[in-house]
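Anchor point for the sequence shown: position 438 equals 439 in our numbering, and the numbering is continuous, going up by one each time.
We treat Cβ as the ideally placed atom computed from N, Cα and C, and that holds for glycine.
Working notes for the structure below.
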Amino acid sequence: MPTPDAPAHDIPVPTAHGAPAPDVPPVPGGPGVPDSGVPAPAAAGIAPEAERALSPLTLVTAPIAYLRNAIVPLVVAVVAGSFNPWVLGSAAVAIAAMLVGGFVTWRTFRYQVGSERLEIRRGLISRSRRSIPLERIRGVDVTSHLLHRLLGLAVVRIDAAGGGGESEEGKLDAVTAAEAERLRRELLHRRAVLRGETAAGAPAAEAGTAPGAEPAPEADADEDVYFTMPRGWYLYAVLSLGYLLTPFVALATVLGFLGQVADDLASSADADAAAQRAYAWFDGTGEQALLAIAIGAAVVLVALMPVSAVVSYAIAHWGFTLRRRGDALVTERGLFTRRSVTLELRRVRGHELLDNPLERLRRAVRLRAVVTGLGDTATRATLLPIGPRDRVGEVVERALIPYRGPLTRHPGAALRRRLFRAVAPFAAAAAVAAFLAPPWVAVALAAVAALGVPLGVDRYRALGHGDDGRQVSVRSGSLRRAQAVVRRDAIIGWTWRQTLFQRRPGLAHLELAVGAGGGAYTAIDAGFDDAVTFAAGVSPELVRPFLVEGPDERPAP
């Protein structure tokens, strides 16, 4: 049986001359200056800084980082070698090499903030030199692991256009916390000067202090704190399936370790004798004992699910803060590893509201920014963790642009497609199992098919698209529902997709190409004619050249 979603044909609509949407301010008070890529004359007023080295405490952090990656192989080698002197000596040599590597890193790593570029060079035998144009910097993130925080250090990650996907273009590990903050401000300030967004002689408080100076903790005069995470929000972790399954992830790790131990024992000389003793124990009382252990472990895991979810969630999002510094949104979070992410407002194209069925029961939702040129959007683009929808809406009102329009409900044919996809496969499998499998298999499959009815209805109720004059919104999903809100001028293309099974009821997938966030957002199973009219109303300059005018629509001669 062919699937209902087999692709049949696409009807793409290209952008106008391939031109991207203009960079206009996404929120009131934004910079509103396009990224022309041409250095401004004011850049001549910025002098390059002197070359700098990492903190001397790199002699501590670098060997520990090397050791963290090699500790398991070293321990296994020492234990498996029965603490043989040669093995112990080899482990000591490896640890000494890590210490030397930390010293070489500290002595050879140099960075320099120039008037137009950030230069990074490192290496003794195999040398590397990286030059990052300041005007292409997209973001500067500051991260402090537990060891770094104890030593007053931080890691600076520079994300730049064309930097190779989701990896950072430059990384400084480790500098002092004060130097990390100064670098963040200085790099963003110099980039703004090169783009003509600010003058070279702007006050240091707007983007950085004088080279080598210690910045004050609250040096930004225009900083505005939008959100500080209340303690009660950590309890929302029990609504997240990913955090609830944390004990099972830990159990899988333990079972994997025990499997390795069992393999080592099986290869030993006493393996046969150990197997005979285990068989004798299991043949006696071992079967009942294993059953009791399994039941007890299952009960403990289920009891630990909410506790571990809250604990792991609190560790990841401890002290979550969202603030605005100048022309950027800054998020900070983490208990042991403190991470600060800077998102330029000029690159924010909209936002997403995400939830699942458990979160919807509690009217909870997550907030994520739609940002151009941002890797690892699942974590870096997070503006708010799980929280009450009303409170999240208040933050959207202050930090972004809320969507104020309705969502158009999709045709009834979309409901039939949702029900077919959720029910038909399991119903067909139940019919086959009724003849070829035990009765309980057919009953189980029939029950799953029955559960597909409310799932299909919920998926249909989630479908919708709309326009409020400034922004466009599309929504879909049930187990993971997402409502994307993007600026109208951020849309750079439209695509209609119709499968063989969508043509007869007149449905189509309408895809909005944004070039930010996920790259495109889809209005699933919208009415084809309504989708064309909708797109033409939002982006007439893109769509109308491809429309065929009817006899009544042609201008009079």
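Span of the beta strand (DSSP E), counted from its first residue to its last, around R128: The sequence position of residue 128 within the sequence shown is 127, counting from 1. No beta strand (DSSP E) contains R128, which DSSP labels as neither H nor E.
Simplified DSSP assignment, three categories, for H510: For this step, residue 510 is matched to residue 509 along the sequence shown. Strand.
For S341: DSSP bridge partner residues: Taking the first residue of the sequence shown as 1, we reach residue 341 at position 340. DSSP output for S341 lists V143 and E333 as bridge partner(s).
Looking only at DSSP bridge pairs, what is G494 linked to? As a position in the sequence shown, residue 494 is number 493, starting the count at 1. G494 pairs with A514.
Spatial neighbours of A238 within its chain, please: CB distance less than 6 Å, with the 5 preceding and 5 following residues excluded, ordered by chain position. Taking the first residue of the sequence shown as position 1, residue 238 is located at position 237. Within the same chain, A238 has close Cβ partners Y244, A310, V311 and Y314.
For I96, report the span of its alpha helix (DSSP H) as first-last. Translated into the one-based positions of the sequence shown, residue 96 becomes position 95. Per DSSP, I96 belongs to the alpha helix (DSSP H) from P86 to T109.
Quick check on the burial criterion: 16 or more other C-beta atoms within 10 angstroms. Buried or exposed for F1? Residue 1 cannot be examined here, being either before or after the span of the chain that is shown, 2 to 558.
How far does the alpha helix (DSSP H) with P358 in it reach, from first residue to last? Start at 1 with the first residue of the sequence shown, and residue 358 comes out as number 357. P358 to L362 is the span of the alpha helix (DSSP H), which, as asked, contains P358.
Proximity to I47 [Cα-Cα], best of L135, L125, S129 and L362: Position 46 of the sequence shown holds residue 47. Here the closest residue by C-alpha is L135.
Between which two residues does the alpha helix (DSSP H) holding A451 run? By one-based count along the sequence shown, residue 451 stands at place 450. Here the alpha helix (DSSP H) through A451 covers P440 to A463.
Check whether the Cβ atoms of V176 and V194 sit closer than 8 Å, and answer yes or no. Your numbering for residue 176 matches position 175 in the sequence shown. Your numbering for residue 194 matches position 193 in the sequence shown. No. Outside cutoff.
Helix, strand or coil for V301, going by three-state DSSP, please let me know. For the purposes of this step, residue 301 is identified with residue 300 of the sequence shown, where counting begins at 1. Helix at V301.
Kindly list the residues whose CB is nearer than 6 Å to the CB of L68, restricted to its own chain and excluding five residues on each side of it in sequence; keep chain order. Numbered from 1 along the sequence shown, position 67 holds the residue referred to as residue 68. So the qualifying residues of the chain are M99.
For Q503, tell me which candidate among A521, D526 and G518 has the shortest Cα-Cα distance. If you number the sequence shown from 1, residue 503 lands on position 502. Selected option, being the one with the closest Cα: D526.
Would you be able to state if there are at least three C-beta pairs under 8 Å between the stretch 399-417 and the stretch 465-473? In short, these stretches touch, since the Cβ pair count reaches three.
Taking the alpha carbon of A509 as the point to measure from, which residue in A414, A95 and I294 has its own alpha carbon closest? Here the question's residue 509 lines up with position 508 in the sequence shown. Out of A414, A95 and I294, A414 has the C-alpha closest to the C-alpha of A509.
When DSSP labels each residue in this structure, what does Y244 get in the three-state scheme? On the sequence shown, residue 244 is found 243 positions in, with the first residue counted as 1. Correct three-state label for Y244: helix.
Let me confirm a value: W497 is counted as buried when at least 16 other C-beta atoms fall within 10 Å, else exposed. Which label applies? Locating residue 497 in the sequence shown gives position 496, where the first residue counts as 1. W497 should be labelled buried.
For R400, collect the residues of the same chain with a Cβ closer than 6 Å to its Cβ; drop the 5 residues on either side in sequence, then sort them by chain order. In the sequence shown, the residue the question calls residue 400 occupies position 399. In the sequence on display, residue 400 carries Ala and not Arg. Y227, listed in sequence order.
Where do the N-terminal and C-terminal ends of the beta strand (DSSP E) with D526 fall, by residue? To locate residue 526, count along the sequence shown from 1; it is residue 525. For D526, the uninterrupted beta strand (DSSP E) segment begins and ends at A521 to G528.
With distances taken Cα to Cα, identify the nearest neighbour of G516 among G320, R488 and V539. Residue mapping note: residue 516 aligns to position 515 of the sequence shown, counting from 1. The shortest Cα separation from G516 among G320, R488 and V539 belongs to R488.
So does the stretch 123-143 actually touch the stretch 339-346, counting three or more Cβ pairs closer than 8 Å? yes
For L446 and A431, what's the separation of their Cα atoms in angstroms? Here residue 446 refers to the residue found at position 445 of the sequence shown. Here residue 431 refers to the residue found at position 430 of the sequence shown. L446 and A431 have their alpha carbons spaced roughly 5 Å apart.
Neighbourhood of A162 by C-beta, 7 Å cutoff - its chain only, sequence neighbours within 5 removed: For the purposes of this step, residue 162 is identified with residue 161 of the sequence shown, where counting begins at 1. Around A162: R137, R139 and G374.
Go to G413, then tell me how far its alpha helix (DSSP H) extends in each direction, as first and last residue. Taking the first residue of the sequence shown as 1, we reach residue 413 at position 412. Per DSSP, G413 belongs to the alpha helix (DSSP H) from G413 to L437.
Where does A290 fall in DSSP's three states? Here residue 290 is taken as the residue at index 289 of the sequence shown, counted from 1. A290: helix per DSSP, three-state reduction.
Within 10 angstroms of the Cβ of P8, are there 16 or more other Cβ atoms? Answer buried if so, exposed if not. Here the question's residue 8 lines up with position 7 in the sequence shown. For P8, the predicted structure reports a pLDDT of 43, less than 50, and the residue's modelled location is therefore unreliable. A value from the coordinates is still provided. Residue environment for P8: exposed (fewer than 16 other C-beta atoms within 10 angstroms of its C-beta).
Cut-off 7 Å between Cβ atoms - residues of its own chain near G124, not counting five sequence neighbours on either side: Looking up residue 124 in the sequence shown gives position 123. Taken in chain order, the residues that qualify are T109.
Those residues which DSSP pairs with A379 across a bridge: Translated into the one-based positions of the sequence shown, residue 379 becomes position 378. A379 is not bridged to any residue.
Buried or exposed, going by whether 16 or more other CB atoms sit within 10 Å of the CB of F321? The sequence position of residue 321 within the sequence shown is 320, counting from 1. The residue is buried, with at least 16 neighbouring Cβ atoms inside 10 Å.
Tell me whether R326 sits in a helix, a strand or coil according to DSSP, three-state version. Numbered from its first residue, the sequence shown carries residue 326 at position 325. Of the three classes helix, strand and coil, the one that applies to R326 here is strand, per DSSP.
For the ligand SAM, any of its heavy atoms closer than 7 Å to the Cβ of L511? Among the ligands in the structure shown, none appear at all, so the ligand SAM cannot be discussed.
Let me make sure I understand the geometry here. Which of R482, D356, R460 and A370 has the alpha-carbon closest to that of R348? Taking the first residue of the sequence shown as 1, we reach residue 348 at position 347. Selected option, being the one with the closest Cα: A370.
Tell me whether G90 is buried or exposed, calling it buried when 16 or more other Cβ atoms sit within 10 Å of its Cβ. Here residue 90 corresponds to residue number 89 of the sequence shown, with the count starting at 1. Per the 10 Å Cβ criterion, exposed.
Run of the alpha helix (DSSP H) containing R185, from where it starts to where it stops: If you number the sequence shown from 1, residue 185 lands on position 184. Residues A178 to L195.
Take every Cβ of the stretch 385-393, pair it with every Cβ of the stretch 353-366, and state whether three or more of those distances are shorter than 8 Å. The stretch 385-393 vs the stretch 353-366: in contact.
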